[in-house]
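Following: one structure in structure tokens, then a few remarks.
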Amino acid sequence: MGEDERKFIMRQLMEPGFIENAESTVVLTEEEESGKSELRVKLCSKENLCIANLDKKKTELHFFLPANAMYKRVDHMIFERKRDGSVKLHLIEMKSSVGERKWVEVKGKFRASYLLALALAGMLALSVSETVMYTTFEKVEFRPLETMPSARRLKSGEPLFRMEEEWSGMRFGLNFGTRIPFLHIPIQMERGADGRLTGAYIEK
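In the working numbering, the protein residues as written are 8 to 211.
The structure is reproduced here in structure tokens:
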């Protein structure tokens, strides 16, 4: 599929504004009253496709079961064009605070959004060669999850992973029948006088 076919699908067959071309600097926002946020992302490529506010758009795939957060989405998705023609997938979730239960919820969103991204990549003939997942936050606190041991368990007999290790990216992974590792990057945000959280991420 060439660029003309891809543009036709994006502009003629998808909802207006669903996916947009983006340059190297992308400003992403979250407008929920519980945690208004603004993140400035600086990517290496100047040719990117961005789906901002993904969680507010119609992306249901009705053949998925309603359980396991399969109908939940992260806040933003970016397909970054690499020099070899493949794309690097960025999945971004914005939070004000993260704890044990919230982290389990975020991982569910990452898994469902990753599968959605692969479906969209297939429609647009994009080859995903790398995936990075991000969570923006102001505060984070993990305590022993004694009441929810299944949240960190993979299969019977396999070890639990400390949430702090997953969060920091050292041992982050998602369950697809087997545990597939991904890179997770937490992004610290700062609260301004107006109560809005702001932050930046510069790709290296």
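For every residue, glycine included, the Cβ atom is placed at its ideal position computed from N, Cα and C.
Small disclaimer: the values here were computed from a predicted structure and weren't measured.
Put simply, of Lys-116, Ser-41, Leu-98, Leu-96 the residue whose alpha carbon is nearest the alpha carbon of Ala-74 is Lys-116. The Cβ atoms of Thr-143 and Ser-44 sit closer than 8 Å to each other.
By the C-beta density criterion, Asn-55 is buried, having at least 16 other C-beta atoms within 10 angstroms. The Cβ atoms of Leu-50 and Glu-12 do not sit closer than 8 Å to each other. Scanning the segment 25-107 for uninterrupted alpha helix (DSSP H) segments of 4 residues or longer gives nothing; none is fully contained.
In the DSSP assignment, Met-170 falls within the unbroken alpha helix (DSSP H) covering 170-175.
Take the alpha-carbon of Phe-71 and the one of Arg-80: they are about 13 Å apart. In terms of Cα proximity to Gly-184, the closest of Arg-118, Lys-89, Leu-98, Gly-24 is Arg-118. When rounded, the separation of the alpha-carbon atoms in Glu-107 and Met-8 is 43 Å.
Straight-line measurement puts the Cα of Ser-52 at about 21 Å from the Cα of Phe-25.
Nearest neighbour of His-69 by Cα position, chosen from Arg-186, Glu-172, Pro-193, Leu-123, turns out to be Leu-123.
Under the three-state reduction of DSSP output, Ala-126 falls in the helix class. Per the Cβ contact rule, the segment 171-182 is not in contact with the segment 129-137 (fewer than 3 Cβ pairs under 8 Å). In the three-state reduction of the DSSP assignment, Leu-20 falls in the helix class, which pools H, G and I.
In the three-state scheme derived from DSSP, where H, G and I count as helix and E and B as strand, Lys-146 is classed as strand.
Pairing Gly-92 with Arg-150, the inter-Cα distance amounts to about 43 Å. Nearest Cα to Tyr-78 within the set Pro-188, Met-196, Tyr-121: Tyr-121. Sixteen is the threshold: since fewer than 16 other Cβ atoms of the shown chains lie within 10 Å of the Cβ of Glu-38, the residue is exposed. Sorting Glu-145, Ile-85, Asp-201, Gly-202 by C-alpha distance to the C-alpha of Gln-195 places Glu-145 at the top.
For Arg-13, the enclosing alpha helix (DSSP H) stretches over residues 10-15.
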